[in-house]
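2 protein chains.
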Amino acid sequence: MAKGKGGSERAGGGSSKAVKARDARTLSKIVDLADDVTKRAFSGKPPTVEIPLRTRSNTIWNKKQGILQMGDATAERELFNLNQAKQFMQTCLHASTIKDLIAAEKTSSLRGVFYKAKHTVAGTKENTFDTQDESDPILEDLEVTLGALREELHIFAENRGAMVGNITVIDKGDEIDCRRMGSGGYAMPSIVEPDVIQFKKCEAKFVLHVEKGTVWNRFNEDRFWEENNCILTHGAGQPPRGCRRLLQRLNQELKLPIICLLDCDPWGHYIYSVIKQGSISLAFESSRLAIPEARFLGIRAKDYDECDLTEAVKIDLTENDIKRAKEIAAYPWFESNKAWQKEISAMLDNGFKMEVESLITKDISYVTEEYVPQRLKDKDWLD
Amino acid sequence: MAKGKGGSERAGGGSSKAVKARDARTLSKIVDLADDVTKRAFSGKPPTVEIPLRTRSNTIWNKKQGILQMGDATAERELFNLNQAKQFMQTCLHASTIKDLIAAEKTSSLRGVFYKAKHTVAGTKENTFDTQDESDPILEDLEVTLGALREELHIFAENRGAMVGNITVIDKGDEIDCRRMGSGGYAMPSIVEPDVIQFKKCEAKFVLHVEKGTVWNRFNEDRFWEENNCILTHGAGQPPRGCRRLLQRLNQELKLPIICLLDCDPWGHYIYSVIKQGSISLAFESSRLAIPEARFLGIRAKDYDECDLTEAVKIDLTENDIKRAKEIAAYPWFESNKAWQKEISAMLDNGFKMEVESLITKDISYVTEEYVPQRLKDKDWLD
Numbered sequence: 006m007a008k009g010k011g012g013s014e015r016a017g018g019g020s021s022k023a024v025k026a027r028d029a030r031t032l033s034k035i036v037d038l039a040d041d042v043t044k045r046a047f048s049g050k051p052p053t054v055e056i057p058l059r060t061r062s063n064t065i066w067n068k069k070q071g072i073l074q075m076g077d078a079t080a081e082r083e084l085f086n087l088n089q090a091k092q093f094m095q096t097c098l099h100a101s102t103i104k105d106l107i108a109a110e111k112t113s114s115l116r117g118v119f120y121k122a123k124h125t126v127a128g129t130k131e132n133t134f135d136t137q138d139e140s141d142p143i144l145e146d147l148e149v150t151l152g153a154l155r156e157e158l159h160i161f162a163e164n165r166g167a168m169v170g171n172i173t174v175i176d177k178g179d180e181i182d183c184r185r186m187g188s189g190g191y192a193m194p195s196i197v198e199p200d201v202i203q204f205k206k207c208e209a210k211f212v213l214h215v216e217k218g219t220v221w222n223r224f225n226e227d228r229f230w231e232e233n234n235c236i237l238t239h240g241a242g243q244p245p246r247g248c249r250r251l252l253q254r255l256n257q258e259l260k261l262p263i264i265c266l267l268d269c270d271p272w273g274h275y276i277y278s279v280i281k282q283g284s285i286s287l288a289f290e291s292s293r294l295a296i297p298e299a300r301f302l303g304i305r306a307k308d309y310d311e312c313d314l315t316e317a318v319k320i321d322l323t324e325n326d327i328k329r330a331k332e333i334a335a336y337p338w339f340e341s342n343k344a345w346q347k348e349i350s351a352m353l354d355n356g357f358k359m360e361v362e363s364l365i366t367k368d369i370s371y372v373t374e375e376y377v378p379q380r381l382k383d384k385d386w387l388d
Numbered sequence: 006m007a008k009g010k011g012g013s014e015r016a017g018g019g020s021s022k023a024v025k026a027r028d029a030r031t032l033s034k035i036v037d038l039a040d041d042v043t044k045r046a047f048s049g050k051p052p053t054v055e056i057p058l059r060t061r062s063n064t065i066w067n068k069k070q071g072i073l074q075m076g077d078a079t080a081e082r083e084l085f086n087l088n089q090a091k092q093f094m095q096t097c098l099h100a101s102t103i104k105d106l107i108a109a110e111k112t113s114s115l116r117g118v119f120y121k122a123k124h125t126v127a128g129t130k131e132n133t134f135d136t137q138d139e140s141d142p143i144l145e146d147l148e149v150t151l152g153a154l155r156e157e158l159h160i161f162a163e164n165r166g167a168m169v170g171n172i173t174v175i176d177k178g179d180e181i182d183c184r185r186m187g188s189g190g191y192a193m194p195s196i197v198e199p200d201v202i203q204f205k206k207c208e209a210k211f212v213l214h215v216e217k218g219t220v221w222n223r224f225n226e227d228r229f230w231e232e233n234n235c236i237l238t239h240g241a242g243q244p245p246r247g248c249r250r251l252l253q254r255l256n257q258e259l260k261l262p263i264i265c266l267l268d269c270d271p272w273g274h275y276i277y278s279v280i281k282q283g284s285i286s287l288a289f290e291s292s293r294l295a296i297p298e299a300r301f302l303g304i305r306a307k308d309y310d311e312c313d314l315t316e317a318v319k320i321d322l323t324e325n326d327i328k329r330a331k332e333i334a335a336y337p338w339f340e341s342n343k344a345w346q347k348e349i350s351a352m353l354d355n356g357f358k359m360e361v362e363s364l365i366t367k368d369i370s371y372v373t374e375e376y377v378p379q380r381l382k383d384k385d386w387l388d
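Chains as they are written, first to last, in the working numbering: chain U, 6 to 388; chain D, 6 to 388.
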């Protein structure tokens, strides 16, 4: 399984030696996959690849660990099956590109890998791939099949999110003092494994993760991280894998609590759910991404009364919001959590959503100087 | 006008004294606006505000300067006019919020300002603002009316884009060595005026600006900026104001050429057009944002043949692409530019678009090690 290996392999990372050993392991997995295909072919059997299923039905809620996991179900992908031949060929093509990337000691984007494999099959008018939509799932298939994560396959996504606060990180050998990153901050990269990013000096006692860059700006401008000895991050909405992985490493390796400040709406609750337990589509990665200890500080449905807010903060729940809220309330981890059942019910009873930015109606810095410090002091959050 | 003042006022920036002087000027402009309204009211005249028109018809192509500019046309906004009363009130409300922000020496997001002004008018069921879509244009109106740019009004947008390379910048007093920013880079802030960002040591001879973060990653991983002594930036698609302004400052203050590497499609051409000449909606800002000297290095329509590319790189032009390409070709600055007329025609003749990332089909680092260095050496770009 990807999970166990992913975790232990990377634990010791950080040196070029470790990277080379990891790359050698990934390469040998790709060679094994290819050997298996050719062996079957030479022995007269139809070439196949066995792919673990990344479906809702093959997703298991591991209550003890508090994360979503992928089950054991797999599907065969056969060359001599009209419905599967194309995907079989696509899987082999991408495996070959990844082999090239690892050999060259370079990384590529999802789109780059798509282009690398895209061509018209000789003697036909058939393209190997027509759009990137076909390509990305094949790469996810390869992640689970090889038991190697995207970063181990040398593939990155868009960088998104920023960080600032009482920590020094080493990024590819460069020392980055997040206490002195001005108004812009350190742009979080897509690949944040220990061989790329190491943590150096850290005084911070927790991480405050906010949803949006604009909210992050308010906290950075007010030097919240300095006043409250923490690290301040945002993920520009639903945080990408790089941001989630970095938060998890800060939690696991430095034992920092991850405190989330998100909107009081189904989208905010969903972002929290993904940060905390993982997502169905990336369930095979949960052990590397999910943070079961993550906390939800706000915005809370009770805040309208408790903070004495005005009508201005209200945004009516739409039909779709109500539907989403009920779906989220039925997630097993929320379903068994009384405080969360109460929270979602309270939002539905309110009939409106509230955004973090709406707290400006109290005062420009109410959120940084009163709201968050008071909630932290009272340990008033949802687990 | 905003233009002349914006430029000269900020030229000497950098000190807290300069900021205070600038803030004092902006405050006095707001007070003047309010005084004007009350004076008219007390003398029995209907209160009005005169707003410069931000329309296509009031946009002038200044051929000599090579930028789009706003013309002199204005419109009255009257309190005692059923069609204008709401906007009049909204304008006054936002002016008041900005006054508060300046007084508090704080900045806010566009959404924050929207919330700050949003409320139900006492004794009615009428909201001051229903959505942010109503609020943002009022802020742009205030920019042109007050002759003060958004940054001077203490308002920021989302941060977007990253920077790395042979330069040290000071951001709010923090020294940021862009040569040592690892794989993530320095996240470019939204407000980059000289009182926030100053340039310190810079060996770089030019700026390479690429469209997307994923392409930026390729160049950063290959240490292109080190090999070629430059600064490497991206704007995550259409670059936001902060990114454009920083590029303009690098060009004007440090005399660095801005070389753009964008896709060979109408969107890439439009991004270049906005970087170079400005946009209609922000024509009042062109003198502060546009970079008439910016160059377009590629991707070029001729590259399919010249670089011996394969079918894989082709993406068919859609009907809409063709329409957009013809619109862009008719922009006055492209219309009078033979090389650009040829370029757009060649793309239309090809019948397909090409993305920077498709050059991976040649080799993983073809774009960083061959394509861009050769074009730079040959000075093979479009002006």
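Just so it is clear, CB atoms sit at the ideal spot from N, CA and C, and this is done for glycine as well.
Check	Outcome
Three or more C-beta pairs closer than 8 Å, one from the stretch 70 to 85 of chain U and one from the stretch 121 to 133 of chain U: is that the case here?	no
Can a CB atom of chain U be found closer than 8 Å to the CB of D:H124?	yes
Have a look at the DSSP bridge pairing and note the partners of U:V377.	Its beta-bridge partners do not exist; DSSP assigns none.
Return the residue from the list D:A39, D:T60 and D:L115 that minimises the CA-CA distance to U:T219.	D:L115
Is there contact between the stretch 189 to 204 of chain U and the stretch 173 to 191 of chain D, where contact requires at least three CB pairs shorter than 8 Å?	yes
With 7 Å as the C-beta to C-beta threshold (strictly closer), list the residues of the stretch 202 to 220 of chain D near chain U in chain order.	G218 and T219
What does D:K358 reach in chain U if we use C-beta pairs closer than 7 Å?	Simply none; closest approach about 13 Å.
Step through the CB atoms of chain D and report whether any lies within less than 8 Å of the CB of U:D354.	no
Buried or exposed: which applies to U:T31, given that a residue is buried once 16 or more other Cβ atoms fall within 10 Å of its Cβ?	buried
Please list, in chain order, the chain U residues whose beta carbon lies closer than 7 Å to that of D:E226.	K111 and T112
Around the Cβ of D:G166, are there at least 16 other Cβ atoms within 10 angstroms (buried) or fewer (exposed)?	buried
Measure from the alpha carbon of D:V318 to the alpha carbon of each residue in D:K358, D:Y275, D:D41 and D:S291, then state which is nearest.	D:K358
With DSSP as the reference, identify every bridge partner of D:N132, one or two as the case may be.	D:T125
Mind listing which residues of the stretch 172 to 187 of chain D have their C-beta closer than 9 Å to chain U's C-betas, in chain order?	V174, I175, D176, K177, G178, D179, E180, I181, D182, R184, R185, M186 and G187
Using a C-beta cutoff of 8 Å, does D:I280 count as contacting chain U?	no
Take the Cβ of D:P194 as the centre, count every other Cβ of all protein chains shown within 10 Å, and call the residue buried at 16 or more, exposed below.	buried
Which complete alpha helix (DSSP H) runs does the stretch 224 to 266 of chain U hold, if anything under 4 residues is left out?	229 to 232 and 246 to 259
Shorter than 8 Å from the beta carbon of U:M94 to some beta carbon of chain D?	no
On the CB-based measure, 16 or more other CB atoms within 10 Å of its CB, does U:F47 come out buried or exposed?	exposed
At a CB-CB cut-off below 7 Å, which residues of chain D make contact with U:K121?	I365 and T366
If you measure from the beta carbon of U:P194 to each beta carbon in chain A, is any gap under 8 Å?	Among the chains of the structure shown, chain A does not appear; the protein chains present are U and D.
Report back the beta-carbon spacing between U:I285 and U:T64 to the nearest angstrom; my notes put them in contact at under 8 Å.	5 Å
When DSSP labels each residue in this structure, what does U:E208 get in the three-state scheme?	coil
What number of angstroms, rounded off, separates the C-alpha of D:L33 from the C-alpha of D:E83?	The sequence given here places Ser at residue 33 of chain D; Leu does not occur at that position. Near 22 Å, if we compare the C-alpha coordinates of D:E83 and D:S33.
Suppose contacts are defined by Cβ-Cβ distances below 8 Å. Is D:S143 in contact with D:Q95 by that definition?	For the sequence presented, residue 143 of chain D should be read as Ile rather than Ser. Yes, Cβ-Cβ distance for D:I143 and D:Q95 is below 8 Å.
Going by beta carbon distance, what residues of the same chain come within less than 8 Å of D:D227, once the five residues before and after it are set aside?	S370, T373 and E374
Mark U:D383 as exposed unless 16 or more other C-beta atoms lie within 10 angstroms of its C-beta, in which case mark it buried.	exposed
When Cβ atoms are compared, which residues of the stretch 149 to 169 of chain U fall closer than 7 Å to chain D?	F161, E163, N164 and A167
Find the residues of chain U that neighbour D:T315, judging by a C-beta separation of less than 8 Å, and give them in chain order.	H124
Taking only beta-carbon atoms, is D:N222 less than 8 Å away from chain U?	yes
Contact between the stretch 207 to 219 of chain U and the stretch 210 to 217 of chain D: three or more CB pairs below 8 Å?	no
Of all the CB atoms in chain U, is at least one closer than 8 Å to the CB of D:Y309?	no
Is DSSP giving U:G9 helix, strand or coil here?	Low confidence applies to U:G9: its pLDDT is 34, below 50, so where it sits in the model is not reliable enough to give any reading.
Assign D:P337 to one of two classes, buried (16 or more other C-beta atoms within 10 Å of its C-beta) or exposed (fewer than that).	exposed
Output, in chain order, the set of chain U residues within a Cβ distance shorter than 7 Å of D:Y376.	Correct list: empty, because the minimum Cβ distance to chain U is about 14 Å.
Give the DSSP-derived three-state secondary structure of U:I369 in the structure shown.	coil
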